[in-house]
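Everything on this sheet refers to the single structure shown next.
In our numbering, the protein residues as written are 4 to 311.
Structure, rendered in structure tokens:
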């Protein structure tokens, strides 16, 4: 009882001390200091954001300029006149066959995304939920491949695909995605490690095999991670330039990124039309990001980081 009274008296004395003019001035100083720190931090972040946005702003402004105003000195930030017709002209240029390029891009994106999701999910399930000798060693080897630059295996891979007769087709770009990707396997494996074993054990007791458990138990629980991988893959494949440049030989096979070559001739580049076509090409990705932003953040947040 005495202890409670002492604690109560101490809290009352503390409350009274907080009401003194000195404590009030101290609180005001702390609030002012926090306010100034917040202003400085936001000013720095805003300045850095502006620096990173300048190239994108240049693309937008250039897409609205007449061709004669693209490289003027000093730089013209407000086009006169504003050429909205550049977008129509870019998308209707005969050499830039937008419909064909879009169809090729969608085919490339959809097939590789399906292959990536299927293969990475199966491999990650085996490494996370199945018990067999050497499982952790295989996982470490999978992680080790992430440290190998793709340029190291470029020539051997090209020779292999050329021997198979795949150069000039989409096979070298699509078939490898059906064998998994190390980062995607790692992401899904760590996510699956957070699933309670009781769920899969109960499914085993009910007579389900591993494929049924994977499809009906595990996949619904890892949907956020699958969406993250899908978004990553779509953004990468949509902007992929190097792969199609090496393996595709005809303009009828080109995706949108390769189709931008249509605005480049031997002597000049139609920069305003190229920038307009580039923005039109990026527009679906911007829409995708805003639609999938919630799932993207959820997948990054919920992904477990259990040890091997």
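For each residue, glycine too, the CB sits at the ideal point set by N, CA and C.
Annotation: the continuous alpha helix (DSSP H) that includes residue 165 extends over 157-167. In the DSSP assignment, residue 228 falls within the unbroken alpha helix (DSSP H) covering 226-241. Note: residue 267 is bridge-paired with 272 in the DSSP secondary-structure output. The segment 273-288 makes contact with the segment 80-91; the number of CB pairs closer than 8 Å reaches 3 or more. Boundaries of the alpha helix (DSSP H) harbouring residue 193: 185-195, taken from the DSSP string.
Between the C-alpha atoms of residue 151 and residue 157 there is a straight-line separation of about 11 Å.
Measuring C-alpha to C-alpha distances from residue 128 to each of 193, 146, 160, 137 identifies 193 as the nearest. Taken through DSSP and simplified to helix, strand or coil, residue 79 comes out as coil.
Contact between residue 175 and residue 239 is ruled out by a C-beta separation of about 16 Å, above the 8 Å threshold. Segment contact: the segment 171-189 against the segment 199-209, fewer than three CB-CB distances shorter than 8 Å; contact not assigned.
Boundaries for residue 211: no alpha helix (DSSP H) harbours it, and the DSSP string shows neither H nor E there. Three or more beta-carbon pairs separated by less than 8 Å are not found between the segment 58-65 and the segment 38-46, which leaves the two stretches without contact. Taking C-alpha positions only, residue 183 is separated from residue 213 by approximately 19 Å. Distance from the CA atom of residue 101 to the CA atom of residue 109, rounded to whole angstroms, is 12 Å. Contact check between the segment 251-265 and the segment 215-227: fewer than three CB pairs, one atom from each, fall below 8 Å, which does not count as touching.
Nearest Cα to residue 217 within the set 25, 95, 132: 132.
Straight-line spacing of the CA atoms in residue 56 and residue 47 works out to 14 Å. Collapsing the DSSP output to three states places residue 251 in coil. The beta carbons of residue 96 and residue 265 sit closer together than 8 Å.
Assignment of residue 85 by DSSP, reduced to helix, strand and coil, places it in the coil class. By the beta-carbon neighbour count (other beta carbons within 10 angstroms, threshold 16), residue 50 is exposed. In this structure, residue 141 lies away from residue 188, with their beta-carbon atoms at least 8 Å apart.
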